[in-house]
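Going down the list, the sequences are from chains A and B. Numbering follows numbering that gives the first Met the number 0, with no gaps: position 211 of the first sequence is 210. Numbering follows numbering that gives the first Met the number 0, with no gaps: position 119 of the second sequence is 118.
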Amino acid sequence: MERAKHTQQLIDSLSMGICIIDPVYKVLYWNEYMHEYTGIPSGTICCKPLGDFFPSFKLEVYTERINSVFEGWPPVVLSSRFHHLFIESPNGKLKNKSQDVTISALVSSEEGAFNALISVIDVTESNRQLEELNMQYKKAKQDIEIRERIQSKLMDSEIRYRELNNMKDKLISIIAHDLRSPFTSLIGYMEILANEPHKISQNRQQEIIAMLLDGTRQTYALLENLLLWANMQIKGGVMYRPVAFNLEAVLTEVVAKMKHMAQRKEISIVIECKEVADVFADVDMVQAILRNIISNAIKYTHPKGRIQINSAKENDSYAFVSIKDDGVGMNPETIANLFKMEKSVSAFGTDNEKGTGLGLLVCKEFIDKNKGKLEIISSLGSGSEFKFTLPLRSL
Amino acid sequence: MKLSTQQFDFLTEIVNIGIGRSANVLNKIVKNRVQLKVPSILLLKVDDLKQLVGHDDSVELSVISMGFTGDLLGSVALVFSSANAIKMVDLLTENNYEKLEMDQLRTSTLNEVGNIVLNSLIGTLGNLLKTRFRYSIPQFKECLAKDLLANTGSLPEYFIYAETQFKIKDNNIEGSFMLFFEVGSFDTFIEKLEKFSVQ
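Structure below.
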């Protein structure tokens, strides 16, 4: 008797709910914790069906599992996440509570029969702390994502800023040197013609006029590229107006206009076009591309050299133009830097022609805009080939 | 050691009844429907266990185990890699938790899932073999593959192994069901299996 009392005191002092029910769910034991937890005293609930106080104990989804315990089957575990309101008292005291419940078989005084021991652990606080931790984790993760996005934007802005700065430096350098210098010699020659025309022979006058013409043409070409390129850097600066046109006709026309440059260095230009149908591109841009690549080819081809221009279908969707010279060629490093704004410098031509490297930047951007691709094959001393594609129809 | 075809068929039947029962119970409480499959049942050497639970010894496992005494002594365990266990619990509860670690909430949920599966399997086994067991409360533990059998006492050379697949929302989550008997009990189990498979 004394021992039973002591055991009851021990169970009552546990910080978990203990309840014992028989196979018809009649409450046989209800510890003090359950009294405090549910607000139902032992005297009220004992000997009464548990389901009258806690409706979950009447639901089939639970009775099916609990009944197996009365047959001596293993314990049944009911976790708080699956059964949030398993033990919900009618007085609403447990409305926001969650419990982990275990129901185990307890040998009954009857031979071969079992009662069920229900143990209840209140996990409300630990679940709440976990939820809170999870919220904090989520928020921290979001904060990191936002910070990473801002950082990435800042990096993009920095890259763009550097590009713009390089662009500005390049522009100033072109205006200060490449555009200004030719004027010094042009003005010098014109002063000679203006101030002392009678002192100069007719032959010398013609030579000076030819030099003036060349210098003016080169400076004009540079100015044109500069404007084209500067316009492209401004959004919507250059309108892209693609039309279908005959590539061979445009090629022939551009080459004809540049013949005088080639003739001066006795360079031969050979054009071969095979089954080129119309291409779909911006004519003005294609003319600028051809003008720049051909003028570069002339510039870097030795006197009496040869420039071979081929055009044909690349595949069902594209045509190509290849401009190949047997001039000085380029090493891999030079090729790699051709389209880098900060590194695009131009070497002097075989006849000391000047350049800025701007022409190729224009070409690359125009080819991209026309949905084509530019390929450069070159090695030092063996000439260069510039090959680009243009779409045959609207893509 | 080999099981006879009859013994093996009987064991397969027990496991399949148990698995069917657990799927039935599980689907009454979970949000996303679960399909349970046991593609293979094997009698394995304890020494081969390491290879099965993870070739890599550093794989972290989530284990729900339950001991039993009575006519036979032993334990049953449902074993998942912890990553799989977390995935399964989150799918079953439609949990949108961000943290990828076992916490108390996941542990108690996994404990119940394991309890349902283990109860059905061992309960069916006890029923069909007409064997009385007394069970301990299911225990959850996280351990490395190499420590799976630490503190399990004396084990015989062989144990029953069943690959277990949980299919939830087009996700296949693999786990393993393991049934260990203590030295003397293993032979008794084989004898019982023989006796009832003949019946």
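Note that beta-carbon positions come from the ideal geometry of N, C-alpha and C, so glycine has one too.
For the stretch 77–110 of chain A, the set of residues with a beta-carbon nearer than 8 Å to any beta-carbon of chain B comprises L77, S78, S79, R80, F81, H82, D99, T101, S103 and A104, in chain order. Assignment of D99/A by DSSP, reduced to helix, strand and coil, places it in the strand class. Against chain A, a Cβ distance below 7 Å from R131/B picks out G71. By the rule that beta-carbons nearer than 9 Å mark a contact, E63/A touches chain B. Taken through DSSP and simplified to helix, strand or coil, S88/A comes out as coil. At a cut-off of 9 Å, the C-beta of L13/A has no neighbouring C-beta in chain B. Using beta-carbon distances, D186/B does not count as an interface residue toward chain A, since no partner is under 9 Å. S55/A places its beta carbon 9 Å or farther from that of S107/B. At a cut-off of 9 Å between C-beta atoms, S55/A does not count as an interface residue with respect to chain B. Taken through DSSP and simplified to helix, strand or coil, N94/B comes out as coil. In the DSSP assignment, P38/B falls within the unbroken beta strand (DSSP E) covering V33 to K44. Within 10 angstroms of the beta-carbon of G183/B lie fewer than 16 other beta-carbons, which makes it exposed. Residue state for S74/B is assigned as strand, using DSSP reduced to three classes.
The stretch 26–50 of chain A is shown to contain whole alpha helix (DSSP H) runs of 4 or more residues at 31–37 and 41–44, in chain order. In this structure the stretch 88–104 of chain A touches the stretch 34–43 of chain A; the number of beta carbon pairs closer than 8 Å is three or more. If you look at N66/A, you'll find it isn't in any beta strand (DSSP E); it sits in the alpha helix (DSSP H) that goes E59 to F69. By the neighbour-count definition (other C-beta atoms within 10 Å, threshold 16), V23/A is an exposed residue. A residue is called buried once 16 or more other Cβ atoms fall within 10 Å of its Cβ, and N170/B, having fewer, is exposed.
Close to Y134/B, with beta-carbon spacing below 7 Å, are these residues of chain A in chain order: P73 and P74. Around the C-beta of G371/A, 16 or more other C-beta atoms lie within 10 Å, and the residue is accordingly described as buried.
In its chain, beyond the 5 residues on either side, I17 and N30 have a beta carbon closer than 7 Å to the beta carbon of I10/A. Contacts with chain A (Cβ-Cβ distance below 8 Å) from the stretch 22–49 of chain B involve V24, K27, I28 and V29, listed in chain order. Around the C-beta of E111/B, 16 or more other C-beta atoms lie within 10 Å, and the residue is accordingly described as buried. At a beta-carbon threshold of 7 Å, none of the residues of chain A lie near E141/B; the nearest stands roughly 16 Å away.
Excluding five sequence positions before and after G304/A, the CB atoms of its chain that fall closer than 7 Å to its own CB belong to I266, D324, D325 and G326, given in chain order. A straight line joining the alpha-carbon of I136/B with that of Y136/A spans about 33 Å.
The stretch 56–67 of chain B makes no contact with the stretch 93–103 of chain A, as fewer than three CB pairs between them are under 8 Å.
Distance from L250/A to L289/A at the Cβ level is roughly 6 Å; contact confirmed, criterion being Cβ atoms closer than 8 Å. Uninterrupted alpha helix (DSSP H) stretches at least 4 residues long and entirely within the stretch 104–177 of chain A occur at 123–172, given in chain order. Within the stretch 241–261 of chain A, no residue has its Cβ closer than 7 Å to any Cβ of chain B. Ranked by Cα distance from R105/B, the first of M87/B, L43/B, I121/B and V116/B is M87/B.
Annotation for G71/A: A104 and F113 place their beta carbon closer than 7 Å to its own, counting only its chain and skipping 5 residues before and after. When CB distances to chain B are screened at a threshold of 7 Å, the residues of the stretch 124–139 of chain A falling below it are S125, N126, L129, N133, Y136 and K137, in chain order. With its beta carbon at least 9 Å from every one in chain B, V119/A lies outside the interface. Put simply, of I308/A, G214/A, N330/A and E332/A the residue whose alpha carbon is nearest the alpha carbon of S321/A is I308/A. Contact annotation: S294/A and M329/A have beta-carbon atoms that are not nearer than 9 Å.
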